[in-house]
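Numbering (UniProt numbering), first residue to last: 1 to 1124. Quick reminder that beta carbons are idealized off the backbone N, C-alpha and C, glycines included. Values in this document were obtained by computation on a predicted structure and should not be read as measured data. In what follows, a structure is listed as structure tokens, so that the remarks can point back to it.
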């Protein structure tokens, strides 16, 4: 016989059943999770083998039944905890989990309310279940129901059972199968009773009289059975519940069938059972099985015209498709559920469907559509005065605004949700709202405000003894400190979260904490420590068979290898993540993995391979209608074109990303796209266009109160001014960025701003000021234990010493950078350090030492398959051979660099290689070959619309014509270079062109014209505060006056150049100025003065270990002695 569900008037019986379901099903889930954390499924068989003797004693005593024993030791296969019911789990937790001794009185008494340990909650569940089973009635009034519900749900929630699942037990419709199943499990609590009730269950299909007789017979089996099952009155009520009602009829075959408005009770039972299995498969990430069972349940609900059941099935199918990234399929099922709930005027069901449709649109980046559905859900919840539902809707509307970068609107909705949760004294809801308000402030770069809300959430979760909530709050506080570059503080909070998750045996939470702890080590350049934590997270996710978590761990391990320049290792982990995401049909995860695999190819200069993976990611995101993902893929495809110098193609993809972000009203995404379009114009030397896009990005970030974004935009605007030689404007923007980063306590951002301010002073020849900012950046990076940042700062400090001719000091800093990069196993950083050490030896004339370091850099770049790095190393080795006069060897390396750049379709790199090959031919006097390569470089730069590169090519062609005595042709190219530099407002380039035009006039004996151009160059260098450029211009003006016989005017300019070089501590420049002053005195016959300046030049060249300069100084000194 099939049991009838209590009719709608018997509310008290329904309350009783809901509590029974919560205890039996919810309790079983919670206890199983707890048990699995102690004895994971992978090792369960081994554990039970070792405990078999102990458990045999329990079987002999009747504590375990033969049925339970068969589940522990099945005839075939391994035991699985998913087959253990709540009774068996209780016995195992008490006897083989080493929580307490089995005979401890703690197991048999209610724990004090103040005891919120896991052990106490386990005992509460056991005691509550016993009280409930031994009650004398199956009816509960509302007050009794709420008291029981609060006690049971609090204990289950503390043990990790999802709050929404607990709420489902309270709200979801009750089916026949629910009732009979719970009755069976609920009275089957000890020993042989379970087996007898199993026999009775088969009897339930017969006439009700047989059922009554079966129970009466069962009562005679064991004296005192009331102590196990409760009083006879309870059994009589059970019998009464099974009595036939007016709607029952007895078919001729003897089976009772229920006809409820034409519905089949058996079919509804089957549907409910299928739904339960579907949910279980969903929880196990077995989405195909979940969908299969849900669809079969749907078929049965349709057959019985059960609109509520159909709606429930459609929601579960939709949620499963959503997890698979199949958003259109998900929406289709949600909308069908919505239609059914509208048909039955179920406002709650409609609200839930609207929320889920909104969530799916949110995942697709269709934010306006999402908000529309969330607002409709809000309207329905307001209609039914459901404050909880309204709060949830406000949170989701806020989340969507947050995704769009509309932070103030987001905060408004979060605060409204907070108000509603405060109204209902819902501490959990208040905690969640505070977390989200904090996250929005975090996005705005308002880190202190964010921490304030996170701490308020932490307080609320501590108040309710919610370890899970506390863990989450600690993670978010840690994230904020991490963003501020306060890695030690961040790690402290992550470790506290880890402790809480360990306390609750939450492997998922522990995994997440380990990932974040790893991230802090990664940020500090402590890559091995980072990988250690990522691997521990991976182990935890493998333990819980969490493919998603494993995928994330593999991605982070890969990213760490990527940071170390170990691209092959990185790719291996990214591919393993891809495999896991393919296993779970997760299109989103697959897309992300393809993007990261593409990044490794991009770093190796394998742009075609990179683009292939980015396009596959794009396809997956298009499949799921994910506009956000598509935007990111377009940005990365654009980046590959950008790296190849294909700037127009790059801009095309960046603009497509911009269109997608505008479509979804994503101000953050639009800002990023504008920055990248700006970067492309910047590379083309189109600084005004670049600045326009950077300013538009700035406007968007100001609109969303994003201090971080504003800081980045200011840095880039500053860069455009820097390139144009407008150094004061550049510094102004860098300082504004610094102010914003100081406002948000972002040590990393401050460090970057100081580096760029330093670079600007460096470019002006103000090396002491530059070094001051580099050292401040170094201090900030040391404060945050950022080895990578420290390495970069040391490189730049070294560069200032290098420019001043203080080569030993420079090498000292380069070697310290090298040590830091070796510490973090950063092959890329080591390569850069070796290049710079090599450059310093090159300047000292120690060419073999220079080549040694360049070759070591080459080896490191070959190790990481970095074609770009290899190309750069070959260029520098070539430069060294060129300086040694080994022109053929030089050309060989330049051509190898050219081959690598051609391999990666890098037009910029090819252009540079052609210029250097051309320059070498120029040095050999092979002017036609030189012009040929220079023109090929010019063609490549024209192809990529690179005005800067074109200018450089025109200068080299002009210099070649100059050497051929073709002064007019030379001037023509110099003037074309000048036009290009004027087009891009490049004062530095214009200054250089004017100097070269002046040189031609100088050679032609047109000294006044030469001086005019030199002075124009001087004016441009003064405009940009470029002391180095001014020094060079003064030397050339002085040389022109020298040739005019205007020795005093010449000395005046030489001394001004000397003053400028002393100002910048440039020993090389000072040496050159002293030699020229000496040469002028020599011409005046002032040999003592001449010798004095030559000796000072000698001292300076000795100081910088410049053998070439020393040789020249000795010649000058010798000349003065010779004439005396």
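Report the rounded CA-to-CA distance for residue 604 versus residue 1000, giving the unit in angstroms. Each residue's Cα considered, the two are about 43 Å apart.
For residue 942, the nearest candidate out of 685, 708, 876, 880 (CA to CA): Residue 685 holds the alpha-carbon nearest to the alpha-carbon of residue 942 among 685, 708, 876, 880.
Taking the alpha-carbon positions, what's the residue 1109 to residue 826 distance? Per the coordinates, the alpha-carbon of residue 1109 lies some 37 Å from the alpha-carbon of residue 826.
Inter-residue spacing [alpha-carbon to alpha-carbon] between residue 949 and residue 766: Each residue's Cα considered, the two are about 26 Å apart.
Tell me which residue opens and which closes the alpha helix (DSSP H) that residue 934 is part of. Unbroken alpha helix (DSSP H) run through residue 934: 927 to 943.
Backbone CA spacing between residue 187 and residue 129 [nearest angstrom]: Because the pLDDT at residue 187 is just 46, under 50, the model does not fix this residue reliably, and the point stays unresolved.
Roughly how many whole angstroms lie between the Cα atoms of residue 526 and residue 845? Their backbone Cα atoms lie some 37 Å apart in a straight line.
Where does the unbroken alpha helix (DSSP H) through residue 811 begin, and where does it stop? Residue 811 -> alpha helix (DSSP H) spans 807 to 823.
Work out the CA separation of residue 951 and residue 992 for me, nearest whole Å. Near 10 Å, if we compare the C-alpha coordinates of residue 951 and residue 992.
Rounding to the nearest angstrom, what Cα-Cα distance links residue 856 and residue 819 in this structure? When rounded, the distance between both Cα atoms is 14 Å.
Verify whether the separation of the beta carbon atoms of residue 789 and residue 817 is less than 7 Å. Contact: no.
Would the beta-carbon of residue 734 fall within 7 Å of that of residue 757? Taking 7 Å as the cut-off, the Cβ atoms of residue 734 and residue 757 count as close.
The alpha helix (DSSP H) with residue 679 in it runs from where to where? Start and end: 667 to 683.
Run of the alpha helix (DSSP H) containing residue 24, from where it starts to where it stops: Segment: none, residue 24 is in no alpha helix (DSSP H) and carries neither H nor E.
Quick check: the segment 523 to 537 against the segment 500 to 509, are there 3 or more CB pairs under 8 Å? Verdict: no, contact absent.
Is the beta carbon of residue 541 less than 7 Å from the beta carbon of residue 556? Contact flag unset, no.
Segments of 4+ residues assigned as alpha helix (DSSP H) that fall wholly inside the segment 565 to 604: Secondary structure remark: continuous alpha helix (DSSP H) runs of at least 4 residues inside the segment 565 to 604, in chain order: 567 to 583, 587 to 603.
Excluding five sequence neighbours on each side, which residues of the same chain lie with their C-beta closer than 7 Å to the C-beta of residue 407? Here residue 407 has 440, 443, 444, 704, 705 as same chain residues with Cβ atoms under 7 Å from its own Cβ, once five neighbours each way along the sequence are excluded.
Please classify residue 1121: is it buried, with 16 or more other beta-carbons within 10 angstroms of its beta-carbon, or exposed? It counts as exposed.
Please report how far the alpha carbon of residue 80 lies from the alpha carbon of residue 165, in whole angstroms. In this structure, the CA atom of residue 80 is about 23 Å from the CA atom of residue 165.
Using the Cβ count rule (16 or more neighbours within 10 Å means buried), how would you classify residue 301? With 16 or more Cβ atoms within 10 Å of its Cβ, residue 301 is classed as buried.
Residue ranges of each alpha helix (DSSP H) within the segment 463 to 501, 4 or longer: Fully enclosed alpha helix (DSSP H) runs of 4 or longer: 467 to 483.
Hey, quick one: how far does the alpha helix (DSSP H) through residue 535 stretch, first residue to last? Residue 535: member of the alpha helix (DSSP H) spanning 527 to 543, first to last residue.
For residue 1107, count the other beta carbons within 10 Å of its own beta carbon; 16 or more makes it buried, fewer makes it exposed. Which is it? Burial check for residue 1107: the Cβ neighbour count within 10 Å stays below 16, so the residue is exposed.
Residue 912 in three-state terms, based on DSSP: Collapsing the DSSP output to three states places residue 912 in a helix.
Measure from the alpha carbon of residue 748 to the alpha carbon of each residue in 866, 62, 783, 679, then state which is nearest. Ranking 866, 62, 783, 679 by CA distance to the CA of residue 748 puts 783 first.
Which residue from 1027, 1085, 674 puts its Cα closest to that of residue 1058? Ranking 1027, 1085, 674 by Cα distance to residue 1058 puts 1027 first.
Given residue 1112, which residues of its chain have a CB within under 6 Å of its CB, disregarding the five upstream and five downstream residues? Cβ neighbours of residue 1112 within its own chain (closer than 6 Å, five residues either side excluded): none.
Residue 41 by DSSP, collapsed to three states: which one? Of the three classes helix, strand and coil, the one that applies to residue 41 here is helix, per DSSP.
For residue 76, is the classification buried or exposed, using 16 other Cβ atoms within 10 angstroms of its Cβ as the cut-off for buried? Around the beta carbon of residue 76, fewer than 16 other beta carbons sit within 10 angstroms, so the residue counts as exposed.
If the criterion is Cβ atoms closer than 7 Å, does the pair residue 730 and residue 741 meet it? No Cβ-Cβ contact shorter than 7 Å links residue 730 with residue 741.
Count the other CB atoms within 10 Å of the CB of residue 390; is the residue buried (16 or more) or exposed (fewer)? Per the 10 Å Cβ criterion, buried.
Among 417, 399, 419, 420, which residue has its Cα nearest to the Cα of residue 410? Of 417, 399, 419, 420, the residue nearest in Cα terms is 399.
Are the CB atoms of residue 1040 and residue 1061 nearer to each other than 7 Å? Between residue 1040 and residue 1061, the C-beta spacing is not below 7 Å.
Inter-stretch contact at 8 Å, needing at least 3 Cβ pairs: the segment 659 to 673 / the segment 601 to 620: Proximity of the segment 659 to 673 to the segment 601 to 620 falls short of the contact definition, fewer than three beta-carbon pairs being nearer than 8 Å.
Take the Cβ of residue 62 as the centre, count every other Cβ of all protein chains shown within 10 Å, and call the residue buried at 16 or more, exposed below. Residue 62 is classed as exposed because its beta carbon has fewer than 16 other beta carbons within 10 Å across all chains shown.
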